[in-house]
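Let me begin by presenting the structure, written as structure tokens, before commenting on it.
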Amino acid sequence: MSDKPSVLFVCVHNAGRSQMAAGWLRHLAGDTVEVRSAGSAPADQVNPAAVEAMREVGIDITDQTPKLLEYETAESSDVIVTMGCGDACPVFPGKRYEDWKLEDPAGKGVDAVRPIRDEIRSRVEQLLTELRPTA
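Put into structure tokens, the structure is as follows:
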């Protein structure tokens, strides 16, 4: 891993879980980690309930758009965190993979998304301590 590790968050639609995880990591790590997110079947827009839930904790993800998972992006990432993208996620030898089992926020209101947001924060904080053990 380089001095600035890259983390790719992947879910099916790249509209909820992966966007919230990327938002948390950008917020908590600043420019010390390259943050990426993508989906195997990206939605047209980020989930409005995810946007609102993140806004409540002072993180703005309104400028994000769902992106298609590209082979090159995954191949050049140090850590790949999957969140329900199934077999669509490519596997590369030597990469660190984590599969986070999280409820899908699709179709849910902000009240249901808050606990998902908070669980993602806990996992991102743990990941960050592993990426930057001396920080």
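For the sequence shown, numbering that gives the first Met the number 0 assigns the number 0 to the initial residue and increments by one for each residue that follows. Think of the CB as a built atom: it goes at the ideal place given N, C-alpha and C, for glycine as much as any other residue. In this text, all values refer to a predicted model and were calculated from it rather than measured experimentally.
Residue i vs residue j beta-carbon contact at 9 Å
i	j	result
Val34	Val6	yes
Val32	Leu101	no
Gly56	Ser39	In the sequence as displayed, the identity of residue 56 is Val instead of Gly. Contact: no.
Buried versus exposed, by CB contacts within 10 Å (16 or more), residue i
i	result
Ala134	Confidence at Ala134 is low in this model, with a pLDDT of 49, below 50, so the placement of that residue should be treated as unreliable; the coordinate-derived value is given next. Ala134 should be labelled exposed.
Ser76	buried
Gly15	buried
Pro4	buried
Pro92	exposed
Val90	exposed
Leu67	exposed
Gly106	exposed
Pro114	exposed
Neighbourhood of residue i by C-beta distance below 6 Å, restricted to the same chain and skipping five residues each side
i	result
Phe162	Since the first residue shown for the chain is 0 and the last is 134, residue 162 is missing from the structure and cannot be characterised.
Arg116	Met19, Ala52
Arg120	Trp23
7 Å CB neighbourhood of residue i in its chain, flanking five on each side removed
i	result
Val112	Ala48, Ala49, Ala52, Pro104
Val109	Ala48, Glu51, Ala52
Arg122	Trp99
Thr72	Leu7, Arg35, Ala37
Glu118	Leu101
Rounded distance between the beta-carbons of residue j and residue i, thought under 8 Å
i	j	result
Trp23	Ile58	7 Å
Glu97	Leu27	At roughly 16 Å, the Cβ-Cβ gap does not stay under 8 Å, so Glu97 and Leu27 are not in contact.
Arg95	Val78	5 Å
Cβ shell of residue i (< 8 Å), same chain only, five flanking positions each side left out
i	result
Leu127	Leu24, Leu27, Ala28, Val32, Ala134
Check: Does the stretch 60-68 come close enough to the stretch 33-50 that 3 or more CB-CB pairs lie under 8 Å?
Finding: yes
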